[in-house]
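J.: Shown below is the structure under consideration.
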Amino acid sequence: MKRVVIASSAGTAFEWYDFFIFGALASTIGTVFFTGLGETAGVIAALGLFAAGFAFRPLGAIIFGAMGDRIGRKATFLTTVSLMGGATFAIGLLPTYAQAGIIAPILLIILRICQGTALGGEYGGAAIYVAEHADDDKRGAATGWIQSSAAFGLIAALLVIYFTRTTVGEEAFLEWGWRIPFLVSILLLFISVWMRLKLSESPAFQK
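Following this line, the structure appears as structure tokens:
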């Protein structure tokens, strides 16, 4: 049971990391991807896109909730964590507005929608997976770790951004350093998939 809680919580925390770095870097994203709007409008656009990720969470919950009922919890949250990690890593590879024009923010919007959809499926799916493994008298304590994962993901996102920014400097961070927190997600993705591949399907679904 401990392995189930750790693997599920860690994977969800990694997804929250991927989700939160977008908001924490809103001012940088506004400058890099919404250059034509001006500084203030660019930040507002970036924050609006951050909020759009939340708007797509219900869609992800519906899609991946149904998928979990059909093909299993384990396969589904392997899918959600892969979608989130892949989308986040791809953001780190995107061309800027200066390099690709309007194509850059369009691609960013698509990837942000993927992030929100993935998190919507991950969060509920992980909680259900843990709940179906837990004993009746420990179900609340076990699933509480899934809720706590959001805080762990936020802290991790802020720390990675802080250390990257202080290491490379402000000028380099705006030029290319902002990509590093997004690219780090590929490592987190590999760790999460590795941990979750070792898990078994939930007892309730096997029935």
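Heads up: the sequence shown is residues 4 to 210, going by my numbering. Think of the CB as a built atom: it goes at the ideal place given N, C-alpha and C, for glycine as much as any other residue.
1) Specify whether the region 152 to 168 and the region 38 to 54 touch according to this definition: at least 3 beta carbon pairs, one from each stretch, less than 8 Å apart.
2) Smallest Cα separation from F25: which of L202, T91 and R76?
3) With distances taken from CA atoms, which of Y126, L52, M70 and E42 is nearest I109?
4) Check the C-beta distance from L186 over to G95 and give it rounded, since I have them as a contact under 8 Å.
5) Would you give the residue range spanned by the alpha helix (DSSP H) that A101 belongs to?
6) Would you mind giving the Cβ-Cβ distance between T120 and L157, rounded to the nearest angstrom? I have them listed as a contact below 8 Å.
7) Rounded C-beta distance between W19 and S188? I'm assuming under 8 Å.
8) How should D21 be labelled, buried or exposed, when 16 other C-beta atoms within 10 angstroms of its C-beta is the threshold for buried?
T.: Walking through what the data contain:
1) Segments in contact, no.
2) Measuring from the Cα of F25, the nearest candidate turns out to be T91.
3) Of the candidates Y126, L52, M70 and E42, the residue whose Cα lies closest to the Cα of I109 is L52.
4) Rounded, the Cβ-Cβ distance is 4 Å, consistent with contact.
5) Segment Y100 to A103, the alpha helix (DSSP H) holding A101.
6) Between L157 and T120 the Cβ distance is about 20 Å, and since that is not below 8 Å, they are no contact.
7) Between S188 and W19 the Cβ distance is about 11 Å, and since that is not below 8 Å, they are no contact.
8) Around the beta carbon of D21, 16 or more other beta carbons lie within 10 angstroms, which makes this residue buried.
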